[in-house]
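Asks:
Numbering (the working numbering), first residue to last: 63 to 181.
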């Protein structure tokens, strides 16, 4: 399985991924808005001190309380102008029950049951 992620070239996270050649995508639960906001801030994006985590076998932090994770090794990198486009090969993952944290069009969202013809 391959996973595409993009990093702003000014991002320290993108540089860390390039240097390490590996990364984890943490799938956050709906109750982890504060954690999401913390890591979205450019001044805190590598600060794990406030948040509990465990290290993967590859030594990458997996944040506690999420609904899953995807651990990847960098397979390819491409120039995307002001972003680096990174293709990761997933070699470990986890999943658990729970509502995901969704962010769309500048806001956190909740999942809703799809409407059916009978509704």
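Idealized CB from N, CA, C, for every residue including glycine.
Using a Cβ-Cβ cutoff of less than 6 Å, which residues in the same chain neighbour residue 158 once the five nearest sequence positions on both sides are dropped?
Replies: If you number the chain shown from 1, residue 158 lands on position 96. Correct list, in chain order: 129.
Asks: Can the beta-carbon of residue 146 be found less than 8 Å from the beta-carbon of residue 83?
Replies: Stepping through the chain shown from its first residue, residue 146 is reached at position 84. Stepping through the chain shown from its first residue, residue 83 is reached at position 21. No, the Cβ-Cβ distance between residue 146 and residue 83 is not below 8 Å.
Asks: Going by DSSP, what residues sit across from residue 88 in a beta bridge?
Replies: Taking the first residue of the chain shown as 1, we reach residue 88 at position 26. The partner list for residue 88 (beta bridge, DSSP) reads 131.
Asks: I need the boundaries of the alpha helix (DSSP H) containing residue 101, first residue and last residue.
Replies: The sequence position of residue 101 within the chain shown is 39, counting from 1. 95–102 is the span of the alpha helix (DSSP H), which, as asked, contains residue 101.
Asks: Helix, strand or coil: how does DSSP classify residue 70 here?
Replies: For this step, residue 70 is matched to residue 8 along the chain shown. Three-state DSSP puts residue 70 in a strand.
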